[in-house]
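Per the numbering used here, residue 17 is the first one in the sequence shown, and the count goes up by one each step. Ideal placement from N, C-alpha and C gives every residue a C-beta, glycine not left out. Only one structure is covered here, and it is reproduced in the block below.
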Amino acid sequence: MSKTKSQMDGLNLKNVSLREKISNASTYRDQLLEMKPELESVKRENTKLKAQIECARSREDRAQKSAENHEIQILTQKVNLFTKEKLELQQTYDMLKNAEMKDTCEKLSEALKRLSEVQDKLEQERKEHHECSTDREKLRAEIEDMKALSEALTRRK
17 MSKTKSQMDG LNLKNVSLRE KISNASTYRD QLLEMKPELE SVKRENTKLK
67 AQIECARSRE DRAQKSAENH EIQILTQKVN LFTKEKLELQ QTYDMLKNAE
117 MKDTCEKLSE ALKRLSEVQD KLEQERKEHH ECSTDREKLR AEIEDMKALS
167 EALTRRK
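Shown next, in the form of structure tokens:
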């Protein structure tokens, strides 16, 4: 009997332990059931926040691309303006160079014309000088002849 009693006591203890475990499991199950809707709510909020983050990133990307496109447009306009100014400056420079070359050509042509005139005049004066020198030599020869004739006449007398 004592053996049965001790088996009964062991079974009672086991029963109490099992009831305690069942109670704990029931408490955990109740807590789990309470937490499931909260977990679902947190999951929905997490999904919603992820979507908001994605939307914000998308807006940020679009804003960044828009800013970059605007900056590219401004820089393109500046490049076009500088290209136009460069072309205008090049045309002005070319016009000035052409005018300067034309002026230089005209001055050179005028200088060559004057040089030709001076050379012609020099050649004419050389001819005249040569003619004068020849005439002078002839006159000297005539004077010498006249002196000789005069001396010859004077001696005859």
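The DSSP-derived three-state label of M117 is helix. In this structure, the alpha-carbon of N96 lies about 21 Å from that of D110. In this structure, the CA atom of R142 is about 16 Å from the CA atom of L131. Spatial neighbours of Q80 in its own chain (CB-CB distance under 6 Å, excluding positions within 5 residues in sequence) are not present. S39 and G26 have their alpha carbons spaced roughly 20 Å apart.
Put simply, the backbone Cα of E36 is about 14 Å away from that of R45. Annotation: T92 to V58 spans about 50 Å, alpha carbon to alpha carbon.
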